[in-house]
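Sequential numbering of the sequence shown, starting at 470, is according to the UniProt record's numbering. Note that CB positions come from ideal geometry on N, CA and C, so glycine has one too. Please read these numbers as outputs of a predicted model, since none were measured by experiment. This report concerns only the one structure given below.
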Amino acid sequence: AGGNRLHIFSDDMRVKVLERLDAEARLREALAGDPVESLPVWFQPIVSAATGEITGAEALVRMRAPSGEILGPGQFIPAAEETGLIVPLGEHVLRRAVHRLLEWGDQLGYVSVNVSPRQLAEVDFVPMLANLLAAHPELDPSRLVVEITETALLGFSVDVRERLEMIKALGVRIALDDFGTGYSSLTWLQSVPADVVKLDRSFVAGLSADPRKASIIQAVLWLARSLGMSVVAEGVEDPADWEALRELDCPSAQGYLFGKPAPADEFGAKLRRAVKQ
Ligand code: C2E
Ligand code: CA
Ligand code: CA
Ligand code: CA
Numbered sequence: 470a471g472g473n474r475l476h477i478f479s480d481d482m483r484v485k486v487l488e489r490l491d492a493e494a495r496l497r498e499a500l501a502g503d504p505v506e507s508l509p510v511w512f513q514p515i516v517s518a519a520t521g522e523i524t525g526a527e528a529l530v531r532m533r534a535p536s537g538e539i540l541g542p543g544q545f546i547p548a549a550e551e552t553g554l555i556v557p558l559g560e561h562v563l564r565r566a567v568h569r570l571l572e573w574g575d576q577l578g579y580v581s582v583n584v585s586p587r588q589l590a591e592v593d594f595v596p597m598l599a600n601l602l603a604a605h606p607e608l609d610p611s612r613l614v615v616e617i618t619e620t621a622l623l624g625f626s627v628d629v630r631e632r633l634e635m636i637k638a639l640g641v642r643i644a645l646d647d648f649g650t651g652y653s654s655l656t657w658l659q660s661v662p663a664d665v666v667k668l669d670r671s672f673v674a675g676l677s678a679d680p681r682k683a684s685i686i687q688a689v690l691w692l693a694r695s696l697g698m699s700v701v702a703e704g705v706e707d708p709a710d711w712e713a714l715r716e717l718d719c720p721s722a723q724g725y726l727f728g729k730p731a732p733a734d735e736f737g738a739k740l741r742r743a744v745k746q
């Protein structure tokens, strides 16, 4: 480009940039328009090992494209994070989660909501959460769980521990997401006032055929228990892995074996069927 400037601009990069701009534009439009319709929040069951019943659910956001196609979070969460739109998006997801918790009442114990680093870094996050709970005094705040990852917090200068303590003081529970990936450490486990540890899928899958994985999970279960934390094994697809997890006394699990993320109405119908049985 003249002088000492060199531009490397491949077709691949061009496509990525365009996709990102597209995701951002769609997201802005969705948030400004009718987010309940265009950013539906789906739910995936979390089951208890002791009873096999659905005790909770994770709220997972989707985007409905104008064509009607449903996009997964991988297609718009990165753009949301980069642009800061994750803040209003995350608030929308929290509101929908609270709405469903009230709708489903005692048919569902809790809903777990992903909270991104950027959201947590906002000074307004805790006040927003406090206002949301204050607007719904009929909701037991411990039925709401916020999921955070360690990566999430690297690079932010907020006093994370203090902020998490404030969330806990509201009565909301905290879960460490993706535990056991390269991004989560024992330091994290001891520095965060968590109630729940979510074991990452990468370390749950194939457990029944891998004694080393089983040993690691056993150790994490023991550690979590001695720290007073509960555990959810994520990404359970294989009945043999579920069997192995139960043998290790893992208290609960989530994964395709029990149900994929589903639209709220579908999930609600499943809950009602479960109650009738
Ligand atoms: P995550 O928080 O680790 O959520 C679990 C992901 O694993 C979900 O993907 C879920 O559909 C998938 N999953 C569950 N069980 C199984 C299984 O048995 N096998 C396999 N292969 N996958 C399984 P999803 O819905 O595509 O979400 C991907 C990620 O997007 C989430 O990972 C989370 O990091 C992010 N995300 C989703 N919703 C939100 C949100 O509302 N806010 C924020 N900040 N992030 C979100
Ligand atoms: Ca999660
Ligand atoms: Ca996870
Ligand atoms: Ca994740």
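Between ligand 1 and S671, a heavy atom-to-CB distance of less than 6 Å is absent. Relative to ligand 1, the beta carbon of V562 is positioned inside 6 Å of a heavy atom. Leaving aside the five residues that flank I555 on each side, the residues in its chain whose CB is nearer than 8 Å to its CB run, in chain order, I546, A549, S585, R587, Q588. In the three-state DSSP reduction, D609 falls in the coil class, being neither helix nor strand. Listed by position along the chain, the residues with Cβ atoms less than 6 Å from a non-hydrogen atom of ligand 2 are E527, N583, E616, D646.
The C-beta separation of I643 from I685 comes to about 23 Å, leaving the pair out of contact by the 8 Å criterion.
Between C719 and A743, the C-beta gap is not smaller than 7 Å, which leaves the two residues out of contact.
Three or more Cβ pairs closer than 8 Å define a contact, and the stretch 694-701 falls short of that threshold against the stretch 497-512. The C-beta distance from A733 to V510 rounds to 7 Å, short enough to fall under 8 Å. With a cutoff of 7 Å on beta-carbon distance, G578 and T524 are scored as near each other. The beta carbon of E619 sits no closer than 6 Å to any heavy atom of ligand 3.
The DSSP-derived three-state label of E716 is helix. The Cβ neighbour count for S581, taken over all protein chains shown within 10 Å, is at least 16; the residue is labelled buried. Rounded to whole angstroms, L529 and D480 show a C-alpha spacing of 32 Å. In the DSSP assignment, Q723 forms a beta bridge with I515. Only buried fits W711, as 16 or more other CB atoms lie within 10 angstroms of its CB. Distances between the C-beta of V530 and the heavy atoms of ligand 1 include at least one below 6 Å. In the DSSP assignment, A499 falls within the unbroken alpha helix (DSSP H) covering 480-501. Beta-bridge pairing by DSSP links P557 to no other residue.
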